[in-house]
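In the working numbering, the protein residues as written are 28 to 410. Have a look at the structure below before the remarks.
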Ligand SMILES: [Mg+2]
């Protein structure tokens, strides 16, 4: 019988907008919208007063202004949000070292072991929520359950100011929910499931396995397990404050994609090597491009699974660069950079991995002995 885990999901309510309200007491009672400036900006956060008018994040700012002309529109203050985020995450760490950040204002806490000292999951959840309010003046919603999927649903369930623990028999809680509440089900998948006559998680859980495989393909068993409230994924501590990157400025601007990709591959391998040396894996991979006109662009992708592989980092940054080149045809490039962030400690994920040294750590050893870039995948022909 597997250990029953205790997982808390904490999500700050309308985070950026709430920080603006906190810092500007005169905003109290008004619709507050944080967004990029200019006519092409989008809403990055809206408080609950603004949501009543139908304003929500990712909405173009023009549309938000039509829906809610009387709202207070502020430009975001990232350094301030980061500062409060750091404060909130240091609160989390007083309850458990197992904190997995999903964004500045959202995290999973595995408190399975903490219960021995701090009390049951609801006692801990309440203490986290109270401490956030006392120390920052902000409200968080807290969901509690025995796995990540259920805990995340639970924090959303009574938002804002939510505090909900999924009952022992998760089916009672899940069965009536619409299928779109399943993690990973987008509009297309939702439509396919509905067309099979399945509207609720209860129906999905009980649906015939083969029928679901014909509807959802290889993901069917994963979705049916989630619908049954089963989720084995572990809470993997993140190092959101750290990043590892390499960049290179060129004496002569690069014009050809082939040259750019060669540089990108070298940078990716350097980044991968440093990650492995520090025993980190990265969840976010970022490409930096500076054009010959000194304009700097940044593009990034969040991976489902963290990586420390130079090859994987290269594949992602290559895709980002090709997309950028499509958007900026014929632009010469002055600088290229590859960065990684949302770093995780490798020790936490070795359980799920093969531990035998891969080709990359062999390359690392050779490079350590003979200097950086003695061999790489292309030059070494070792793979
Ligand atoms: Mg939030």
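Glycine included, each C-beta is placed from N, C-alpha and C at the ideal position. None of these values were measured; they are calculated from a predicted model.
- Residue 264 and residue 197 have their C-alpha atoms some 26 angstroms from each other.
- Residue 131 and residue 219 have their alpha carbons spaced roughly 33 angstroms apart.
- If you check the CB distance, residue 175 and residue 34 come in under 8 angstroms.
- No Cβ-Cβ contact shorter than 8 angstroms links residue 361 with residue 227.
- Considering only 366, 356 and 153, the residue with the shortest C-alpha distance to residue 313 is 366.
- Per DSSP, reduced to three states, the secondary structure at residue 38 is strand.
- A direct Cα-Cα distance of roughly 37 angstroms separates residue 288 from residue 43.
- Taking all protein chains in view, the Cβ of residue 122 is crowded by 16 or more other Cβ atoms within 10 Å, so the residue is classified as buried.
- Per DSSP, the unbroken alpha helix (DSSP H) holding residue 119 starts and ends at 105-119.
- Between the beta-carbon of residue 333 and that of residue 359 there is about 34 angstroms, and that puts the pair past the 8 angstroms contact cut.
- For residue 213, no pairing in a beta bridge is given by DSSP.
- Secondary structure note for residue 293: its alpha helix (DSSP H) is the uninterrupted segment 284-304.
- Relative to the Cα of residue 100, the nearest Cα in the group 143, 45 and 141 belongs to 45.
- Counting every other CB atom within 10 Å of its CB across the protein chains shown gives residue 170 a total of 16 or more, marking it as buried.
- Look at which beta carbons fall closer than 6 angstroms to any heavy atom of ligand 1; those residues are 38, 39, 42, 132 and 133.
- A straight line joining the alpha-carbon of residue 262 with that of residue 320 spans about 44 angstroms.
- Boundaries of the alpha helix (DSSP H) harbouring residue 239: 236-243, taken from the DSSP string.
- Rounded to whole angstroms, the gap between the alpha carbons of residue 258 and residue 96 is 43 angstroms.
- Taking 8 angstroms as the cut-off, the Cβ atoms of residue 291 and residue 345 count as close.
- Across the structure, residue 301 and residue 307 are spaced so that their CA atoms are roughly 8 angstroms apart.
- Residue environment analysis places residue 282 among the exposed positions, since fewer than 16 neighbouring C-beta atoms fall within 10 angstroms of its C-beta.
- Here DSSP, grouped into helix, strand and coil, assigns residue 85 to coil.
- At least 8 angstroms separates the beta-carbon of residue 167 from that of residue 59.
- With a beta-carbon spacing of about 11 angstroms, residue 238 and residue 251 fall beyond the 8 angstroms limit used to define contacts.
- For residue 171, there is no enclosing alpha helix (DSSP H); the enclosing beta strand (DSSP E) has its first and last residue at 167-172.
- Measuring C-alpha to C-alpha distances from residue 194 to each of 139, 256 and 209 identifies 256 as the nearest.
- Per DSSP, the beta bridge partners of residue 309 are 334 and 370.
- The residues 41, 44 and 59, in chain order, have a CB closer than 6 angstroms to that of residue 74 in the same chain once the five nearest residues on each side in sequence are set aside.
- Here the alpha carbon of residue 69 sits roughly 42 angstroms from the alpha carbon of residue 142.
- When DSSP states are grouped into helix, strand and coil, residue 163 belongs to the helix group.
- Residue burial is scored here from C-beta neighbours: residue 160 has fewer than 16 other C-beta atoms within 10 angstroms and is therefore classed as exposed.
- Of 284, 286 and 297, the smallest CA-CA separation from residue 273 is found for 297.
- The three-state secondary structure of residue 340, taken from DSSP, is helix.
- Around the CB of residue 150, fewer than 16 other CB atoms lie within 10 Å, so the residue is classed as exposed.
- For residue 32, the CB contacts under 8 angstroms within the same chain, skipping 5 residues up- and downstream, are 137, 139, 173 and 174 in chain order.
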